[in-house]
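Presented below is the structure to which this report refers.
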Amino acid sequence: MTSSHNTNSRISEALAFDDVLVEPAESSVLPAQASTKTRLTRSIELNIPLMSSAMDTVTEDAMAIAMAQQGGMGVIHKNLSVEEQAEQVRRVKRFESGMVVNPVTVGPDQTLAEVQIIMDRHGVSGLPVIEEGSGRLVGMLTNRDMRFTSDLNTHVKDLMTPRSELVTVLNGAAPEQARELLHRHRIEKLLVVDESDRCIGLITVKDMDKATTHPLAIKDTQGRLRCAAAVGVGEDGLNRAAALVDAGVDVIVVDTAHGHSQGVLTTVETLKARHPGIQIIAGNVATPQAARALIKAGADCIKIGIGPGSICTTRVVAGVGVPQFSAVMETAAACHELDIPAIADGGIRTSGDIVKAIGAGADVVMVGSLLAGTDESPGETFLYQGRAYKSYRGMGSLGAMARGSADRYFQAEVRDTLKLVPEGIEGQVAYKGGMAPVVHQLVGGLKAGMGYTGSATIGELQVKTMFRRITNAGLRESHVHDVTITREAPNYQRD
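Numbering (full-length UniProt numbering) for the sequence shown: 1 to 495.
Shown next as structure tokens:
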């Protein structure tokens with residue numbers, strides 16, 4: 001006779017970030033000396049262990065650009081058409097580079113009307129003019145050339161700066177030579193040509209200045225900012241991934257609520273077979289078994305977190321999940337046994353939580369709510385009861401699912417929005433201004449934690465950290481108490 005009830009009587013304990021504190025240790029490391037460089041995937045490193053989440057109120061091209069400039073990475077959400085998401089990836093890749101490879105070009109016989117459409121679509125102010133067929137450079141057309149012309153039927157060749165007057169540089173020239181030419185000729189754009197005088201690149205003053213302003217920026221081998229983009233499962237996800245790879249994306253994130261499912265495993269395997277050179281992050285999971293299965297399928301990084309997000313209701317609606325501290329500690333250990341990095345996705349409310357997540361084994365943390373209120377996140381700023389806010393919603397909320405993320409929760413076949421079963425809510429977060437000061441405080445708190453533990457690197461923090469479990473009284477003692485705050489700190493607030 002078989003039993004009709006669950007015979008697994010072992011109920012293990014699981015902890016959240018607020019249940020523990022990091023124990024201080026002897027240290028000779030000053031926060032300013034700590035290195036925050038970390039591994040994201042098998043072959044990609046970040047200069048800070050931060051990613052912005054693939055949410056439609058957090059990461060589009062503006063956030064992805066800003067994150068890469070700071071040394072982290074943004075994941076462009078998939079609640080966009082395939083074409084829109086791919087174009088956002090292109091914007092990131094074009095934004096800052098040592099050289100814009102294969103720049104957008106026009107032909108000499110095209111009209112200004114056509115040129116204006118191209119400039120608006122790609123967000124550029126100057127276009128190399130090339131000869132059809134040979135690809136040879138014949139001129140350059142900029143907004144300055146078009147400024148006083150009202151006839152949109154005018155041909156490019158009648159307004160462009162001819163080849164004989166252009167300043168160019170041969171491919172492979174040193175950055176110092178390019179900067180010297182820009183300065184000597186007082187120009188903002190320098191065309192790069194090969195031995196056959198074909199235009200193969202474009203160097204701008206702005207891009208060279210950005211390299212100085214953002215020394216930690218994460219770039220690919222061509223000097224372009226790195227970015228990631230999210231896809232779902234099945235044929236739709238595979239087709240979307242193909243378009244993103246063509247657009248130049250660095251990392252594909254197979255983004256689902258339950259990564260330990262056959263559809264996700266099959267998608268990862270197929271992506272690796274079709275695009276062996278692309279790096280794949282897969283998730284979300286909360287157990288070592290799930291991580292091992294995804295790594296076996298070909299994942300280059302595992303994303304950990306089921307239900308820890310501030311806007312996520314999965315644990316209440318489905319009754320499923322693992323408190324994030326324990327999920328990270330157990331699952332990251334399995335990842336590291338196989339030399340694969342892990343991301344702690346969700347549950348991060350303070351810089352101290354970042355220290356705890358990395359101490360528990362995470363190589364990178366992914367944040368949503370901490371960045372949702374910044375200028376770089378999508379959406380408008382609005383006033384509510386005299387204060388400025390921005391909207392923030394879970395990808396499992398009704399609004400996000402209706403827009404396109406239902407497949408993340410395996411409800412893609414549901415056509416009637418009234419029959420969707422949401423696992424998230426829609427809300428608002430306080431407006432914070434630019435994201436750079438927010439990231440500065442988060443990284444500053446992380447470095448402080450590294451100083452307290454004597455950890456000079458992220459790897460040392462993962463190995464050296466010792467935790468103490470605390471009581472509710474210990475948590476209350478950790479927060480501001482017995483005083484009225486008269487001036488808010490930029491890195492602390494009490495819910």
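For every residue, glycine included, the Cβ atom is placed at its ideal position computed from N, Cα and C.
Compare the Cα-Cα distances from Gly-259 to each of Asp-220, Ile-278, Cys-301 and report the closest residue.
Cys-301
According to DSSP, is Val-75 part of a helix, a strand, or is it coil?
strand
When burial is assigned at 16 or more other CB atoms within 10 Å of the CB, is His-481 buried or exposed?
By the neighbour-count rule (16 or more Cβ atoms within 10 Å), His-481 is not buried but exposed.
Between Val-193 and Ala-230, how many whole angstroms is the CB-CB distance? I'm expecting something under 8 Å.
Not confirmed; about 38 Å, so no contact.
Could you tell me whether the Cβ atoms of Leu-271 and Leu-238 are closer together than 8 Å?
Yes; because the gap between Cβ atoms is below 8 Å, this pair is in contact.
When the Cα atoms are used, what is the spatial distance from Ile-281 to Gly-454?
As the crow flies, the alpha-carbon of Ile-281 is around 30 Å from that of Gly-454.
Under DSSP, the alpha helix (DSSP H) around Leu-112 begins and ends at which residues?
Residues 112 to 122.
Between which two residues does the beta strand (DSSP E) carrying Pro-288 extend?
It is not in any beta strand (DSSP E) - Pro-288 instead sits in the alpha helix (DSSP H) that spans 288 to 297.
Taking only runs that begin and end inside the segment 347 to 412, name each unbroken beta strand (DSSP E) of 3 or more residues, in chain order.
364 to 367, 381 to 384, 387 to 393
If you run the structure through DSSP and keep just helix, strand and coil, what is Gln-324?
helix
Determine the direct distance from the alpha carbon of Gly-133 to that of Thr-374, and round the result to whole angstroms.
46 Å
Measure from the alpha carbon of Val-365 to the alpha carbon of each residue in Asn-102, Ile-304, Thr-331, then state which is nearest.
Ile-304
What residues in its chain sit with their C-beta under 6 Å from that of Ala-299, if we drop five residues either side in the sequence?
Val-268, Ile-280, Ala-282
Pull up the DSSP beta-bridge partners for Asp-255, would you.
Gly-283
Just checking my contact of Gly-309 with Gly-359 at CB under 8 Å: how many whole Å lie between their CB atoms?
Going by Cβ atoms, the distance from Gly-309 to Gly-359 rounds to 20 Å, so no, they are not a contact pair.
Determine the contact status of Gly-427 and Pro-31, defining contact as a CB-CB distance below 8 Å.
No, the pair does not count as a contact, with Cβ atoms beyond the cut-off.
When the Cα of Arg-147 is compared with those of Leu-166, Gln-116, Val-138, Glu-131, which residue comes out closest?
Gln-116
Thr-314 to Asp-353, Cα distance in whole Å?
CA-to-CA, the gap between Thr-314 and Asp-353 works out to about 21 Å.
Please list, in chain order, all residues of the same chain as Ala-173 whose beta carbon is under 8 Å from its beta carbon, the five residues on each side excluded.
Val-192
With three or more C-beta pairs closer than 8 Å as the rule, is the segment 327 to 344 touching the segment 287 to 298?
Below 8 Å, enough C-beta pairs join the segment 287 to 298 and the segment 327 to 344 to call them touching: three or more.
Is Ser-81 helix, strand or coil when you go by DSSP?
coil
Just grab the DSSP bridge partners of Asp-250 for me.
Bridge partners of Asp-250: none, in fact.
For the structure I just gave you, are there three or more beta carbon pairs, one from the segment 134 to 145 and one from the segment 155 to 172, closer than 8 Å?
yes
On the DSSP bridge assignment, give the partners of Ser-52 in chain order.
Its beta-bridge partners are Gly-74, Val-367.
Quick one: Cα of Ala-489 to Cα of Gly-126, how far?
44 Å
Just the Cα atoms here: how many angstroms apart are Ser-150 and Gly-135?
The C-alpha of Ser-150 lies about 29 Å from the C-alpha of Gly-135.
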